[in-house]
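Heads up: the sequence lines are chains A and B, in that order.
Under this note's numbering, the residue at position 83 of the first sequence is numbered 83, and the numbers go up by one with no gaps.
Under this note's numbering, the residue at position 233 of the second sequence is numbered 233, and the numbers go up by one with no gaps.
From the three backbone atoms N, C-alpha and C, an ideal C-beta is built for every residue, glycine too.
The structure presented is a predicted model; accordingly, all values stated were derived computationally and were not measured.
Since the structure comes first, as structure tokens, the remarks are kept for the end.
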Amino acid sequence: MDDQILIARALAGDSDAERALYDAHVDRIYRLAYRFAGSDDLARDFTQDTFIRAFARLREFRGESAFSTWLHQVGVSVMLNGMKKVKRLRNSEVALEHAATVGARHREAEPDLKRRLTEAIDALPDGYRMVFLMHDAEGYTHVEIAAALGIQPGTSKAQLSRAREKLRVALKDFAGDWA
Amino acid sequence: MNEREDFDAQWSARAGRHNPPPPAPRDEMWAAIKAARVAGPVQPEPKTPTSPLHAPRRVRPAVWWVTGIAAAAVLGAVLGRWTAPENGTGPLAARGPAEPGSTVVARADQLPPKELPDGVGTVPPATQPSPRPSPRVGAAAAAPATRDGDRGAPNRAYRVAAAQHLAMTEALLVTLRADLQAGRQDSTIAKWATGLLSTTRLMMDSPASQDPQLRRLLEDLELVLVQIARLQAATADTTELRIIDEAVRRRQVLTRLRAMAPGA
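Written out as structure tokens, the structure is:
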């Protein structure tokens, strides 16, 4: 059923319509949250928060964009702010340069490309990481990413390029393993 | 194909396979969403996505500690002002509303000094007029303990303090979960929880707990914070953390915390 009809019914208090909206979009939001947060716990929290906030603000949705776009705006905001809290509290951000240095030092002892890849992605600044994961891991277009993040598509492309550049640097000692 | 294009091409193939998400636990999350929406309205989020390019400067963990202590102090002051008697002397006026016609409505200054508990302080003699007569005397004797005239001000102040407290508690629980995922246990988290536990109990003993939703949340928070406060020093054994996190998850404490608006 069309999102607009479901939204109208949800605004009228139809809980089945709310559930239908949820079912239609939850998988993409959860997948993105999981990619970004890296764990099921946080992904659940972010997904739940996204829908709680979206339903609470459903009247603000004017239909100027697709509901999915608006929902992603809410979701990306929840995820970025949520990760900021986690990182701020734990001071767990590792500078990418540091990660690269550490990786280079332990190249012999820790040849685990998968783990290094995870570390390198985690070390990206959140904005770059979000663009990178949305585009390269989840297949969003730059137009979709731009709409979700409130930036221009050109900015999305630039951020993706910078993210890849940082990964190239961080994983340069694995260059041969890519092939 | 140069190095850059090669990397991009290789990445595109690998990216989808890297850390693949499991199927979304739809029903579990829906149940949590419904529970949170029943619990209350959500805290407002900025309408536009927060651009990481314009993100505020990182706040050092020490600032969180200072903020927490300050929030506890503010909350204590607010609760103290709210529940304190007008004449600010003894505990009698703070014992809660008196029944109409009850004989317990006598002013503190009408009691002989020998009936006052030790350490209460100086009570003006009955023959001396009180500088600020209690509003609970005479016709106003049946009025509630809170001051009706300026009820709005302490309510607003309380809501601010409560919001700060809930935010700090959420921060603690998020930290706990992050610790668990990282397989470590921070030695300072128990101390942090102890401070928050005191504030939680202050709130539970205040008129704020008349709000049933907040009351239930505070009761659950108290249980969780007691467990965290009892954690031993830093250790690699995260069994206790896991048990606590399980309790947090079972009671949906984090979700309810986030759903509880500052003005709820």
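Under the three-state reduction of DSSP, which class applies to residue i: helix, strand or coil?
i	result
A94 of chain B	Caution applies to A94 of chain B, whose pLDDT of 38 falls short of 50 and renders its modelled position unreliable; the value that the coordinates give is listed next. Helix, per DSSP.
Y193 of chain A	It is not possible to answer for residue 193 of chain A, since the shown part of chain A is limited to 1 through 179.
Y22 of chain A	helix
P153 of chain A	helix
L231 of chain B	coil
L214 of chain B	helix
D3 of chain A	helix
P207 of chain B	helix
E222 of chain B	helix
T238 of chain B	coil
Q159 of chain A	helix
L210 of chain A	Outside the shown range of chain A, which is 1 to 179, sits residue 210 of chain A, and nothing can be said about it.
F132 of chain A	helix
Q181 of chain B	helix
S68 of chain A	helix
E138 of chain A	coil
M168 of chain B	helix
N19 of chain B	coil
S130 of chain B	Summary for S130 of chain B: the model assigns pLDDT 40, below 50, so the residue's position carries little reliability; its value from the coordinates is reported in the next sentence. Coil at S130 of chain B, not helix or strand.
F61 of chain A	coil
D14 of chain A	coil
D186 of chain B	coil
S39 of chain A	coil
R164 of chain A	helix
R115 of chain A	helix
Q48 of chain A	helix
A24 of chain B	coil
M260 of chain B	coil
Can you confirm whether residue i, when its beta carbon is compared against all beta carbons of chain C, has any partner nearer than 8 Å?
i	result
M29 of chain B	Note that chain C does not occur in the displayed structure, where the protein chains are A and B.
Do you know how far the Cα of residue j is from the Cα of residue i?
i	j	result
A10 of chain A	L58 of chain A	9 Å
L172 of chain B	L113 of chain A	33 Å
A148 of chain A	S206 of chain B	43 Å
G75 of chain A	V226 of chain B	33 Å
G13 of chain A	R168 of chain A	50 Å
R215 of chain B	L71 of chain A	32 Å
A36 of chain B	A158 of chain A	38 Å
L124 of chain A	F36 of chain A	11 Å
D49 of chain A	T255 of chain B	8 Å
P153 of chain A	Y140 of chain A	12 Å
S15 of chain A	F55 of chain A	11 Å
K87 of chain A	R116 of chain A	19 Å
A208 of chain B	H135 of chain A	47 Å
I243 of chain B	V143 of chain A	44 Å
K84 of chain A	A17 of chain A	33 Å
R177 of chain B	M79 of chain A	16 Å
A8 of chain A	E222 of chain B	41 Å
D179 of chain B	S39 of chain A	13 Å
S65 of chain A	V248 of chain B	37 Å
E240 of chain B	V224 of chain B	12 Å
D8 of chain B	D211 of chain B	56 Å
V105 of chain B	D220 of chain B	Caution is warranted here: a pLDDT of 38 is assigned to V105 of chain B, below 50, making its placement in the model unreliable, and no coordinate value can be reported.
I151 of chain A	I145 of chain A	8 Å
A170 of chain A	P20 of chain B	21 Å
Within a Cβ cutoff of 6 Å, which residues of the same chain sit near residue i, ignoring the five residues on either side of it in sequence?
i	result
F67 of chain A	D3
Y34 of chain A	A43
Q73 of chain A	A148
Excluding the five sequence neighbours on either side, which residues of its own chain have a C-beta within less than 8 Å of the C-beta of residue i, listed in chain order?
i	result
E138 of chain A	R28, R31, L32 and R35
A32 of chain B	Q252 and T255
I121 of chain A	R129, F132, L133 and L167
G127 of chain A	L80, L149 and Q159
Considering only residues of the same chain and omitting the five flanking positions on each side of residue i, which have a CB-CB separation below 7 Å?
i	result
E170 of chain B	L254, L257 and R258
R53 of chain A	V74 and V78
Q. If we count Cβ pairs, one from each stretch, closer than 8 Å, do we get three or more for the region 224–232 of chain B versus the region 189–209 of chain B?
A. yes
Q: Could you say if the region 123–139 of chain A and the region 158–175 of chain A meet the contact criterion of at least three C-beta pairs nearer than 8 Å?
A: Yes: at least three Cβ pairs fall under 8 Å.
Q. Does the region 159–169 of chain B touch the region 13–24 of chain A, meaning 3 or more C-beta pairs lie closer than 8 Å?
A. They do not touch, by the three-pair rule.
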